[in-house]
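Structure first, then comments.
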Amino acid sequence: MKCFSIDLDGTLLNSHHEITEKSNIALNQLQKEEYEVIINTGRAYKDVIKFKELENRDFPIFCMNGSVLYSKSGEVLYEATIPVSIYKMIFPLLKKVGVEVLVYTNHGNFPASLPTLHQKSKEEIDSLFRECDYSAILNRYNLKIYKLIAFAHYSQLDKIEKVKEVLGAIPDISIASSFPNNVEITSKEAQKGKALLRYQQIMDLSFDEIYAIGDGDNDLTQFEVATTSIAMGNAPSHIQRKADFVTGKNDEDGFSHAVEYLLQLSGRNINYNPL
Numbered sequence: 558m559k560c561f562s563i564d565l566d567g568t569l570l571n572s573h574h575e576i577t578e579k580s581n582i583a584l585n586q587l588q589k590e591e592y593e594v595i596i597n598t599g600r601a602y603k604d605v606i607k608f609k610e611l612e613n614r615d616f617p618i619f620c621m622n623g624s625v626l627y628s629k630s631g632e633v634l635y636e637a638t639i640p641v642s643i644y645k646m647i648f649p650l651l652k653k654v655g656v657e658v659l660v661y662t663n664h665g666n667f668p669a670s671l672p673t674l675h676q677k678s679k680e681e682i683d684s685l686f687r688e689c690d691y692s693a694i695l696n697r698y699n700l701k702i703y704k705l706i707a708f709a710h711y712s713q714l715d716k717i718e719k720v721k722e723v724l725g726a727i728p729d730i731s732i733a734s735s736f737p738n739n740v741e742i743t744s745k746e747a748q749k750g751k752a753l754l755r756y757q758q759i760m761d762l763s764f765d766e767i768y769a770i771g772d773g774d775n776d777l778t779q780f781e782v783a784t785t786s787i788a789m790g791n792a793p794s795h796i797q798r799k800a801d802f803v804t805g806k807n808d809e810d811g812f813s814h815a816v817e818y819l820l821q822l823s824g825r826n827i828n829y830n831p832l
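Under the working numbering, the first residue of the sequence shown is numbered 558, with each subsequent residue one higher.
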C-alpha cells in the first residue's frame, strides 16, 4: 500500500486558506489510485473538517503535529499530551520572552486556534490575549494539553529565536515551526513522522511507499520517514534542501503538480477533469 501524507497550511491550502479545484481533483485521483491519503497538520480537528473538500472524505487526520490521530471515521486512535507540570514550567518562560501563547486542549483552544486569527485585526487579536484568563485553563476537569503555540509579529522574529533557545534544553517536548513567526510545542511523542509510523502499528498496516509533502519545519520529521519527500516552492530554502524534490508554490497549485508528476512516474496519468 502507498501513502500520501499531506500538510495543510502552505501546502494543500493556498494563501487564501482555500483548497483549489485542481488540488481537490488531485485528492480524488489519489483515492482512485487507492493511495492511503492522510492529512498531517498542525491544526486542530475542527479546523480541518471545516473545509467542505475534506469533511466528507474518509481520510485519517493527524492533528496538532501528531498529538491526536483520528481514524477515517473520526475515532480517536492516539493522544499525546503535555503534562500539566511541564506546561506550568513552560508558560512563564514564554511570557518572560514576550510572545503570545495559544493553548490547545480537550476543552477547546485558548484564547483561540491559530487559523481563527487570520481574519482578525491586530486590535482584535491584542484584545483576545489581553482578556484571556490562562489560570482558569488549569481548573478544567480532566484537562489535556495537546499543544502550545508561541508567536510574535514578523518584526520581532528575534523573540522566536529566543523561545527556541529557552525551550531547547527542556526534556519531554518537541518544538517546531509551521511559520517563521511561531514555535509549536508538543509532547516529544507528537511529531508528524512518528504519527505516520504509529498509525501503521495501530492499524496493522505496512506502507510500501510514503510520499510526504509540506512546507514547514514541522514537516521535516515526516520527510525523514518518507520514501519520497516533496517541499513546496513557497517553503524556506532549508526545507527545500531536505526534500527529494521541490514542486510549485501553494498559490501555483504546487500540490496538484506534485501529484501529477508522481503518478506519471508510476505509469499513471492524472485527469484534471472533475471525477
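All residues carry an ideal CB built from backbone N, CA and C; glycine is no exception.
No experiment lies behind these values; they were computed from the predicted model shown.
Looking at the structure shown, is residue i part of a helix, part of a strand, or coil, going by DSSP?
{"i": "threonine 804", "result": "coil"}
{"i": "leucine 753", "result": "helix"}
{"i": "valine 782", "result": "helix"}
{"i": "lysine 745", "result": "coil"}
{"i": "glutamate 817", "result": "helix"}
{"i": "phenylalanine 561", "result": "strand"}
{"i": "glycine 790", "result": "coil"}
Quick one: is residue i buried, meaning 16 or more other Cβ sit within 10 Å of its Cβ, or exposed?
{"i": "methionine 558", "result": "exposed"}
{"i": "aspartate 683", "result": "exposed"}
{"i": "methionine 646", "result": "exposed"}
{"i": "valine 633", "result": "exposed"}
{"i": "aspartate 535", "result": "Residue 535 falls outside the range modelled here, since the chain spans only 558 to 832, and no answer is possible."}
{"i": "tyrosine 661", "result": "buried"}
{"i": "aspartate 564", "result": "buried"}
Whole angstroms are fine: how far does the CA of residue j sit from the CA of residue i?
{"i": "alanine 815", "j": "tyrosine 768", "result": "10 Å"}
{"i": "lysine 719", "j": "valine 654", "result": "7 Å"}
{"i": "arginine 687", "j": "leucine 659", "result": "12 Å"}
{"i": "tyrosine 635", "j": "leucine 626", "result": "5 Å"}
{"i": "asparagine 775", "j": "serine 734", "result": "6 Å"}
{"i": "alanine 747", "j": "asparagine 622", "result": "6 Å"}
{"i": "aspartate 615", "j": "asparagine 585", "result": "11 Å"}
{"i": "asparagine 791", "j": "threonine 784", "result": "22 Å"}
{"i": "glutamate 590", "j": "lysine 704", "result": "34 Å"}
{"i": "phenylalanine 780", "j": "serine 624", "result": "18 Å"}
{"i": "aspartate 801", "j": "lysine 652", "result": "38 Å"}
Report the option in the options whose CA atom is closest to the CA atom of residue i.
{"i": "lysine 721", "options": "Gly805, Asn699, Cys620 and Asn739", "result": "Asn739"}
{"i": "serine 712", "options": "Leu674, Lys701, Pro737 and Gly599", "result": "Pro737"}
{"i": "threonine 638", "options": "Lys751, Asn807 and Thr743", "result": "Thr743"}
For the ligand NAD, is there any heavy atom lying closer than 8 Å to the beta carbon of residue i?
{"i": "leucine 584", "result": "With respect to the ligand NAD, the structure shown offers nothing to examine, as it has no ligands at all."}
Which ranges would you report for the alpha helix (DSSP H) in the segment 665-725 if only whole runs of at least 4 residues count? 671-674, 679-688, 691-694 and 714-724
Which parts of the segment 589-657 are runs of the beta strand (DSSP E), unbroken and 3 residues or longer, counting only runs that do not cross its ends? 593-597, 618-620, 625-627 and 633-636
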